Ligand SMILES: NC(=O)c1ccc[n+]([C@@H]2O[C@H](COP(=O)([O-])OP(=O)(O)OC[C@H]3O[C@@H](n4cnc5c(N)ncnc54)[C@H](O)[C@@H]3O)[C@@H](O)[C@H]2O)c1
Ligand SMILES: NC(=O)c1ccc[n+]([C@@H]2O[C@H](COP(=O)([O-])OP(=O)(O)OC[C@H]3O[C@@H](n4cnc5c(N)ncnc54)[C@H](O)[C@@H]3O)[C@@H](O)[C@H]2O)c1
Ligand SMILES: [Zn+2]
Ligand SMILES: [Zn+2]
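Chains as they are written, first to last, in our numbering: chain R, 718 to 1085; chain S, 718 to 1085.
What follows is the structure in C-alpha cells.
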C-alpha cells in the first residue's frame, strides 16, 4: 500500500510516495504522478555503498521501463559535499548528453540528495530531480522542501538553491541497512516534529518502547512515523516555500545544535545528536522563561533518551565558544540570534529576545 | 532624465532605469525602486579595467549613502566565466559576512553580470543582485531576464540558474570606453530585436547613417535604442520567465551563430559577429521558404553592414562541421534542431521543420 502526500506548491507541486518496498515501483510512480518520461537520458546519483544495496534494482526497474539511465557514483561522506563533487555530476550530465527534459535520480542520504538537487537546479538552468532518500534523516527532512546545496570550505550549506523535486519516493525497507547511529540521528528530527508541530506524532512516539533502531519499531508504526513527519515538514514548507518566516520553526534545536556540531568538528556529535542536545537546551530555556511546562520538557527528554540520543553537552566544550558560534549562525538576522521555543507539545514559536545570560546558564547546566 | 521600464514578473518584478550619467544616482534609485537597504554588507563585483573607469565613483556614491560595500575584482574575459571564479565571489561573501539581506552589485559586461547573478542565486540559497551593465550587449541582453551562469569546460552556459535582479541601472555614458568591436557585437542584438520584435526599432536603426560606434550615434537616438531594445527583451521574458516557449524567439540568429562561434573557438568571431552571420543565414532561409521578402532581408543586411558586422562565413569553415554542431546545440529538443525565422519586419516565429539540405545550401552560399 502506498501513502501519498501532496506538496501544494502551485506550479512546483509534487507528491511524496511512502510504502514498503515501493522503490521497485519507481517507474509506475513516475508515470502516474509526474510529467517525466523515459524519452530523455537520465542519471542515478548515489554512492558506492548505497549503490551496492539498492542501485542495481532501481537501475533495472528504470531500464525495463524504457529509461535510458546511467549511474553516477560519488564518494560518500559530508566532507565530499562540495562544488568539486557536484562537478562530477555535471561531467556525467555532459557525457550522457542530458537535455532540458532529463531527470536526475538521487538515491542516498541527505548528502547525495543535496548535491543531486543542486546539480539539477543548476544544470541547463534547471532540470528535474526525483528524490529517493535512503536515510531516515533524508526521508523526513532533507528530501522534502526544495533546499539543495553544498558546503563552502568555511561553512555548511552556504552555497545552494531552492529547487523542488518532481517526486519523493520513500521506502522504509532500505532503512534496514542504515547504520544505527544514522537512524538515531534521523529520529532526532522526528522528535522535533512531534514537539513543535504534531502532538499526535509526539503521542505515537511516547507509546513506543524504543526509538533507537529500525528493528525495534513495528513496520506499521514506522510507516506512521514517516508519514506524520513528512506531513509536518510539508505543512510548514508549503506555507513558506522560501523561508520567509514560519519555516524557521523547523530550526527548533538547531541554533544550539549547529554550534555543538561545529565545536565537535562534525565528528564528535553528528547532526541529530547535536539537535537532540539543542532541543533539550531549548526546552529548558522555554521552561525557565515560563513558556513551557516542566512536564512537557520531561516528556521530550524521555523521547530523546528512548532514541538513545545524548542529552548533555560534552564536558570539555567551552560554553563561551558556543555562545560566540551562536552569533555567527547563518540564521542571524541583523546580528540578532533567533530561538525557536516550544510553547506546548506540538507547537513552537519564534523568539528573538532570549537573554544571552540565560543561554549561558542553561548551557553550563547541561554540561556533563 | 531617467526612463523606467517595469519588468512585470509578479513577486520577481523589478525596474530597469536608463539615463545619461545615471550611475552616480544609484543610491537614490535603490531607495526609490527596491526594498534593498544599506543595513547588510554588500559587494561590488567587477573586473580591474572596468573598475578603473567606473568603480571608484559607484563605490563612493554607495558609501556616502551609508552602504557598507566592498569591491570584489575578478579577472576579465569569457575564459574566466567559470565556477572557479565564482568561488572568489563566495570567498569575498564569506569574508565580508554577507547575510540573507545582502546585495551583490554587478558592474561590468555580461561575463561579470552572469557570474555575479549566479553567485547571488546560490549564496545562502539566494541573495539580491543589482545589475549595472557596462557593455552594450549586457545592457540590452545579458542584464535582463534573470539568466545567470557560468561555462563548463566543455560547453558555454551549461551551469546556471534563473535569478531576477532587483534593479538594472543602464548608463549609456559608460559605453564611451567600450572597445568598438564590443560595441558592434552588442549592436547585433539590437538589430535582432528590430527584426523579430520591434519594427519601429528597425526603422529607427534604418534612419541612422552609422551603427558601428557609440560616437557615431546621437545621444538621444542611443537612448531610444537602449530603451526599445530593453523593452523588447522585457516583453518577451515577462511573457515567458523560464524559457518555456516564446522566449526561444530571442535565439534568432543564434542557432547558426553558436555553431559559428564555437567553430572559431570564440576568438575568430565574437558572439555578436556570429549572430550577425546567423541572422543573414536565417533571413535567407526565410526568403527561400517564402516566409520573408527579399526586400526585408536586404534591409536587414543593410543594418548589419552599417554596424560593420560580418555577413559571410569565413572561407575555411567546414559546412558539414557546422551542421554537426547544430545538432548538439543546447536548444535541441528530442534531437530536433529549432530555427527562428522572421516572417515580417518586427516579427519572428519558431519553426521546427527546416530541411537540413536547405540549411546546407544556405551555409555554402554564405561562404566568402
Ligand atoms: N536539504 C535539506 O533541507 C536538508 C535538511 C537536513 C539535512 N540536510 C543535509 O543532509 C545531510 C545529512 O544527511 P544524512 O544524515 O542522510 O547523511 P548522509 O547522506 O551522509 O548519510 C549518512 C550515512 O549513511 C549512509 N546511508 C544512507 N542510507 C543508507 C542505507 N539505506 N543503507 C546503508 N547506508 C546508508 C550514507 O552512505 C552515509 O554514510 C547533511 O549534509 C545536511 O546538511 C539537508
Ligand atoms: N544572461 C544572459 O541572458 C546573457 C545574454 C547574452 C549574453 N550573455 C553572456 O554575456 C557574456 C558576454 O557579455 P559581454 O559581451 O558584455 O562580454 P564581457 O563581459 O566579456 O565584456 C566585453 C569586454 O568589454 C569590457 N568592457 C565592458 N564594459 C566596458 C566599458 N564600459 N568600458 C571598457 N571596457 C568594458 C570587458 O572588460 C570585456 O573585456 C557572455 O558570457 C554571454 O554568455 C548572457
Ligand atoms: Zn536538522
Ligand atoms: Zn546573443
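Beta carbons: idealized from backbone N, C-alpha and C, even for Gly. Remember, it's a predicted structure, so these values are computed and weren't measured experimentally.
Cβ pair residue i, residue j closer than 8 Å
{"i": "residue 1076/R", "j": "residue 1022/R", "result": "no"}
{"i": "residue 822/S", "j": "residue 856/S", "result": "no"}
{"i": "residue 735/S", "j": "residue 944/S", "result": "yes"}
{"i": "residue 1002/R", "j": "residue 919/R", "result": "no"}
{"i": "residue 743/R", "j": "residue 778/R", "result": "yes"}
{"i": "residue 1026/R", "j": "residue 922/R", "result": "no"}
{"i": "residue 859/S", "j": "residue 827/S", "result": "yes"}
{"i": "residue 1013/R", "j": "residue 1062/R", "result": "yes"}
{"i": "residue 910/S", "j": "residue 936/S", "result": "no"}
{"i": "residue 892/R", "j": "residue 989/R", "result": "no"}
{"i": "residue 811/S", "j": "residue 729/R", "result": "no"}
{"i": "residue 746/R", "j": "residue 883/R", "result": "no"}
{"i": "residue 1031/R", "j": "residue 985/R", "result": "yes"}
{"i": "residue 925/S", "j": "residue 938/S", "result": "yes"}
{"i": "residue 953/S", "j": "residue 914/S", "result": "yes"}
{"i": "residue 770/S", "j": "residue 894/S", "result": "yes"}
{"i": "residue 983/S", "j": "residue 774/S", "result": "no"}
{"i": "residue 1065/S", "j": "residue 980/S", "result": "no"}
Bridge partners - residue i, DSSP secondary structure assignment
{"i": "residue 856/S", "result": "Note: residue 856/S sits in no beta bridge, so no partner."}
{"i": "residue 840/R", "result": "876/S"}
{"i": "residue 735/R", "result": "720/R and 887/R"}
{"i": "residue 849/S", "result": "824/S"}
{"i": "residue 787/R", "result": "760/R"}
{"i": "residue 1084/S", "result": "1030/S"}
Contact belief for residue i with residue j at Cβ below 8 Å, rounded distance in angstroms
{"i": "residue 863/R", "j": "residue 880/R", "result": "6 Å"}
{"i": "residue 767/S", "j": "residue 865/S", "result": "That pair is no contact at about 18 Å."}
{"i": "residue 946/R", "j": "residue 912/R", "result": "That pair is no contact at about 12 Å."}
{"i": "residue 1059/R", "j": "residue 1000/R", "result": "6 Å"}
{"i": "residue 1043/R", "j": "residue 991/R", "result": "Not really, about 13 Å apart at Cβ, beyond 8 Å."}
{"i": "residue 798/R", "j": "residue 846/R", "result": "16 Å between Cβ atoms; not a contact."}
{"i": "residue 757/R", "j": "residue 819/R", "result": "4 Å"}
{"i": "residue 1083/S", "j": "residue 1005/S", "result": "Not really, about 12 Å apart at Cβ, beyond 8 Å."}
{"i": "residue 791/S", "j": "residue 829/S", "result": "7 Å"}
Start and end residues, beta strand (DSSP E) containing residue i
{"i": "residue 824/S", "result": "820 to 825"}
{"i": "residue 865/S", "result": "864 to 869"}
{"i": "residue 770/R", "result": "No beta strand (DSSP E) contains residue 770/R, which DSSP labels as neither H nor E."}
{"i": "residue 1058/S", "result": "1056 to 1061"}
{"i": "residue 1065/S", "result": "1064 to 1068"}
N-terminal and C-terminal residue of the alpha helix (DSSP H) that residue i is part of
{"i": "residue 975/S", "result": "971 to 980"}
{"i": "residue 937/S", "result": "936 to 956"}
{"i": "residue 988/S", "result": "988 to 1005"}
{"i": "residue 931/S", "result": "Here residue 931/S belongs to no alpha helix (DSSP H), and DSSP marks it neither H nor E."}
{"i": "residue 910/R", "result": "897 to 913"}
{"i": "residue 923/S", "result": "916 to 924"}
{"i": "residue 1018/S", "result": "1011 to 1023"}
{"i": "residue 808/S", "result": "800 to 812"}
{"i": "residue 750/S", "result": "743 to 750"}
Contact with chain A by residue i, beta-carbon distance below 8 Å
{"i": "residue 966/R", "result": "The structure shown has no chain A; the protein chains it does contain are R and S."}
Quick one: any contact between the segment 961 to 981 of chain S and the segment 929 to 937 of chain S, if contact means 3 or more CB pairs under 8 Å? By the Cβ rule, the segment 961 to 981 of chain S does not count as touching the segment 929 to 937 of chain S, because fewer than three pairs are nearer than 8 Å.
Check whether the segment 802 to 812 of chain S and the segment 828 to 836 of chain S are in contact - that is, three or more C-beta pairs closer than 8 Å. Because the criterion of three Cβ pairs below 8 Å is met, the segment 802 to 812 of chain S and the segment 828 to 836 of chain S touch.
Does the contact criterion of 3 or more C-beta pairs under 8 Å hold for the segment 723 to 736 of chain R versus the segment 783 to 790 of chain R? Short answer: they don't touch.
With a cut-off of 8 Å, do at least 3 Cβ pairs link the segment 858 to 878 of chain R to the segment 837 to 852 of chain S? Below 8 Å, enough C-beta pairs join the segment 858 to 878 of chain R and the segment 837 to 852 of chain S to call them touching: three or more.
Given 8 Å, three or more beta-carbon pairs between the segment 899 to 912 of chain S and the segment 756 to 773 of chain S: Between the segment 899 to 912 of chain S and the segment 756 to 773 of chain S, the count of C-beta pairs closer than 8 Å stays below three; the two stretches do not touch.
For the 8 Å Cβ check, are there 3 or more pairs between the segment 881 to 897 of chain R and the segment 994 to 1008 of chain R? No contact exists between the segment 881 to 897 of chain R and the segment 994 to 1008 of chain R.
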